[in-house]
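One structure is given here, and the rest of the page talks about it.
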Amino acid sequence: MFGYLISKIREAEFQDVPFRHLIIENFLSNEHFDAIVSSDEIRVPPQPDDESLFDDLFSRGYRIIGFPGCITDKDAYLEWHKSKSAQHGRNNPACEGFGMTLRLIEPQTPMIQELKAFLEAEEFNKALAEKFELPFEKTHADNGIQKYLDGYEISPHPDVRRKALTYMVNINPHPNADQLQHHTHYLKFTDRYNYVKEFWAGNPQIDRCWVPWPWCETVSEQRSNNSIVIFAPSNDTMHAVKANYNHLNGQRTQLYGNLWYKELHHGLPQFQWHEIDLPNTRAQREAQSAATPRPKARPSFVSKAKSIVPPGVKKALRAVTQPKPPVTPSKPTSTYVADRPGTSRKGQ
Ligand SMILES: [Fe+2]
Numbered sequence: 002m003f004g005y006l007i008s009k010i011r012e013a014e015f016q017d018v019p020f021r022h023l024i025i026e027n028f029l030s031n032e033h034f035d036a037i038v039s040s041d042e043i044r045v046p047p048q049p050d051d052e053s054l055f056d057d058l059f060s061r062g063y064r065i066i067g068f069p070g071c072i073t074d075k076d077a078y079l080e081w082h083k084s085k086s087a088q089h090g091r092n093n094p095a096c097e098g099f100g101m102t103l104r105l106i107e108p109q110t111p112m113i114q115e116l117k118a119f120l121e122a123e124e125f126n127k128a129l130a131e132k133f134e135l136p137f138e139k140t141h142a143d144n145g146i147q148k149y150l151d152g153y154e155i156s157p158h159p160d161v162r163r164k165a166l167t168y169m170v171n172i173n174p175h176p177n178a179d180q181l182q183h184h185t186h187y188l189k190f191t192d193r194y195n196y197v198k199e200f201w202a203g204n205p206q207i208d209r210c211w212v213p214w215p216w217c218e219t220v221s222e223q224r225s226n227n228s229i230v231i232f233a234p235s236n237d238t239m240h241a242v243k244a245n246y247n248h249l250n251g252q253r254t255q256l257y258g259n260l261w262y263k264e265l266h267h268g269l270p271q272f273q274w275h276e277i278d279l280p281n282t283r284a285q286r287e288a289q290s291a292a293t294p295r296p297k298a299r300p301s302f303v304s305k306a307k308s309i310v311p312p313g314v315k316k317a318l319r320a321v322t323q324p325k326p327p328v329t330p331s332k333p334t335s336t337y338v339a340d341r342p343g344t345s346r347k348g349q
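Shown next, in the form of structure tokens:
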């Protein structure tokens, strides 16, 4: 039934802005898309409150799953969502919120059952790997039909090195979905933080992390319904989401999937964003040394990071971190500082 989707992927042309990816509009046929977003599993009637929404989604075969940017404790989510107070560090130090992701485990509608089986089948996942010239036999697929509730936030990140491929298809059932704030941003680093991708490129033994929003600028958003974006995570594949919408009337809904390397890149150390925030670290250090006599130097994470950076990358880092002539002092683009109170290393 869905075999034509493989042909569309094979025929699609790669785009290079802001990074190498495929985007295909009108991915599913109109007939299939209309049937999918009208199904009982995807189009949920408006709900009076969060508790009712959970009960309804559970009755339709959804289950809460662990997912980046989300928590799995329903009661904690319900409590937080009453006020949506900013909680930096609760889920990731680069974010102030967190959401909840539910995956459709037991669909009842025959077409949705078939769609789920298609996403899970080798034929589809092998075609994705071939398009991106990935070693399919060294990967395993993980995918599903997912709903993301309000508060879902994952700050700009390129994906960890174990992810070989990521794709997402918008199948939002609410008519004004493209106007709402719950879509995936595709971004590039600002000039000030462009060295980070060179740091990751020069240090393949270190995993990539989430970074604060001000380190990047949005180039595009995947707002259109029935569009698919596919990319092979690399050092520049920055993407992010910050959902802020009323999920009682309709939920951000996607076909989402990854190919994961089975063995490569397990257990890589990861420097968190505040450990590679060289512009702010340098500014802090200079302010500190101007105010107090310099204590005996103890190697910082940043100096450790620099010590393992290849010479080419060091040059790029110097261009960013060395002080400019005092004629036109540059204005910081980030309000984040290293060792921000309340941050933690968890949640990656
Ligand atoms: Fe991601």
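All residue numbers for the sequence shown refer to my numbering, where the first residue is 2 and numbers rise by one.
Even for Gly, the Cβ is constructed at its ideal location relative to N, Cα and C.
At a threshold of 7 Å, residue 143 does not count as near ligand 1, since its beta carbon sits no closer than that to any of the ligand's heavy atoms. Separation of residue 205 and residue 12 (C-alpha to C-alpha, rounded to the nearest whole angstrom) is 32 Å.
Exposure of residue 5 is indicated by the presence of fewer than 16 other C-beta atoms within 10 angstroms of its C-beta.
Between the alpha carbons of residue 233 and residue 107 lies a distance of about 29 Å. If you draw a straight line from the Cα of residue 52 to the Cα of residue 178, it is about 22 Å long. In terms of Cβ geometry, residue 120 and residue 165 do not form a close pair [threshold 8 Å]. With a cutoff of 8 Å on beta-carbon distance, residue 100 and residue 150 are scored as near each other. By the Cβ-count criterion, residue 265 is exposed, with fewer than 16 other Cβ atoms from all chains shown falling within 10 Å of its own Cβ.
Contact between residue 243 and residue 154 holds: CB atoms are separated by about 5 Å, below the 8 Å threshold. Residue 236 is positioned such that its CB atom lies no closer than 8 Å to that of residue 189. Counting of Cβ neighbours within 10 angstroms places residue 18 among the exposed residues, the total staying below 16. Under the DSSP assignment, residue 261 falls in the beta strand (DSSP E) whose first and last residues are 253-262.
Measuring C-alpha to C-alpha distances from residue 168 to each of 44, 122, 24 identifies 24 as the nearest.
For residue 278, the distance from the CB to the nearest heavy atom of ligand 1 is not below 7 Å.
Distances taken from the Cβ of residue 240 to the heavy atoms of ligand 1 include one shorter than 7 Å. Apart from the 5 residues on each side of it in sequence, residue 252 sits with its Cβ closer than 6 Å to the Cβ of 148 in its chain, given in chain order. For residue 168, DSSP records a beta bridge to 231, 258. Rounded to the nearest whole angstrom, the CA to CA distance from residue 16 to residue 22 is 5 Å. For the beta strand (DSSP E) assignment, the uninterrupted runs of no fewer than 3 residues enclosed by the segment 132-194 are, from N- to C-terminal side, 140-149, 154-158, 164-171, 185-190. When 259, 219, 54, 248 are compared, the shortest CA-CA separation from residue 160 is found for 259. In terms of side-chain proximity, the C-beta atom of residue 167 is found nearer than 7 Å to a non-hydrogen atom of ligand 1.
Annotation: residue 8 is outside any beta strand (DSSP E); the continuous alpha helix (DSSP H) that includes it extends over 5-12. Annotated three-state conformation of residue 37 is helix, per DSSP. Contact annotation, residue 215 with residue 274: C-beta distance approximately 11 Å; criterion of less than 8 Å not satisfied. Apart from sequence neighbours up to five positions away, the residues of its chain that approach residue 227 with a beta-carbon distance below 8 Å are 26, 27, 28, 29, 34, 170, 171, 172, ordered along the chain. Taking 7 Å as the cut-off, one finds at least one heavy atom of ligand 1 near enough to the beta carbon of residue 158. The residue from 50, 132, 278 with its alpha-carbon nearest to that of residue 14 is 132.
DSSP, reduced to helix, strand and coil, places residue 62 outside both helices and strands of the structure shown, so it counts as coil.
C-alpha of residue 293 to C-alpha of residue 286: approximately 10 Å in a straight line. The Cβ atoms of residue 113 and residue 222 do not sit closer than 8 Å to each other.
A residue is called buried when at least 16 other Cβ atoms come within 10 angstroms of its Cβ; residue 288 does not meet this threshold and is exposed.
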